[in-house]
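Working notes for the structure below.
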Amino acid sequence: MTTGLDLLAEGGSVTLTDGTQTPLRYSFRALALLEARFGSVAAVQTAIDSTGEGAAFGPLAQIIGAGLVGPGGFEPHIREHVDVNGKRTVSDIVYRRRQDGTDLMDLLDPGRLSDYTNAFTAALSKALESRGNDAAPAVTTVVPGLGTQTPIPSPSSSTSPSVPSTFQSASSGI
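Under the numbering used here, the sequence shown has 1158 at position 113, and the numbering climbs by one with no breaks.
Okay, here's the thing in structure tokens:
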């Protein structure tokens, strides 16, 4: 029986413009990157403009990039600003491939938008799925031109049980 959050949840893979296929995995580190960028994992859904008149590609690149940190071979480079009161705000995270430093944005193919959306929705849903709580609330992903995607469970105290005792932590590197 599996208990706790599946920190190594893979739900799909993405194919980059150079033909590289890499799995998406939303570990705690990946989820923390999404929280740093969007404020919360639930806010990821609202970051993607569903009207077609605002940002969609930038937020999608952030979501995909977070899922490629670690075994996907990408590293986050965080841009943050500090206001006059000392409050730090993450304004952007650039994901670069470890082997050659290529920016993820240069490797994503706009023609694969549907594939990318399906892959990250599956991976994020798997990472956040509730263990033993069938009433977990869901966040629905809406992407312009693609409509509504599979609901993503939103994390909360009732849907995010503790980490299994068999989990071995790794350096966050953030």
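The beta carbon of each residue, even a glycine, is placed where N, CA and C say it ideally should be.
Inset, instruction - Determine, using beta carbons only, whether residue 1112 and residue 1168 come nearer to each other than 8 Å. - result: Against a cut-off of 8 Å, the Cβ pair of residue 1168 and residue 1112 comes out as a contact.
Legend entry - Backbone secondary structure at residue 1155 - three-state DSSP: Of the three classes helix, strand and coil, the one that applies to residue 1155 here is helix, per DSSP.
Legend entry - Backbone secondary structure at residue 1174 - three-state DSSP: If DSSP states are grouped into helix, strand and coil, residue 1174 belongs with coil.
Inset, instruction - Compare the beta carbon distance of residue 1143 and residue 1110 with 8 Å and say whether it is the shorter of the two. - result: Note that the C-beta distance between residue 1143 and residue 1110 is not below 8 Å.
Legend entry - Boundaries of the alpha helix (DSSP H) in which residue 1124 is found, first to last residue: Residue range 1119-1127 is occupied by the beta strand (DSSP E) that includes residue 1124, with no alpha helix (DSSP H) assigned at that position.
Legend entry - Same chain only: Cβ atoms within 8 Å of residue 1138, ignoring 5 sequence neighbours per side: Answer for residue 1138: 1078, 1081, 1082, 1107, 1110, 1111, 1121, 1122, 1123, 1124, listed in chain order.
Inset, instruction - Put residue 1140 into one of helix, strand or coil per three-state DSSP. - result: Three-state DSSP puts residue 1140 in a strand.
Inset, instruction - Return the residue from the list 1174, 1068, 1166 that minimises the CA-CA distance to residue 1116. - result: Ranked by Cα distance from residue 1116, the options 1174, 1068, 1166 are led by 1068.
Inset, instruction - Quick one: residues in its chain with C-beta nearer than 8 Å to the C-beta of residue 1152, no 5 flanking neighbours on either side, listed in chain order? - result: Residues of the same chain with a CB within less than 8 Å of the CB of residue 1152, apart from the 5 flanking positions on each side, are 1061, 1062, 1063, 1065, 1142 in chain order.
Legend entry - DSSP state of residue 1104 mapped onto helix, strand, coil: Annotated three-state conformation of residue 1104 is helix, per DSSP.
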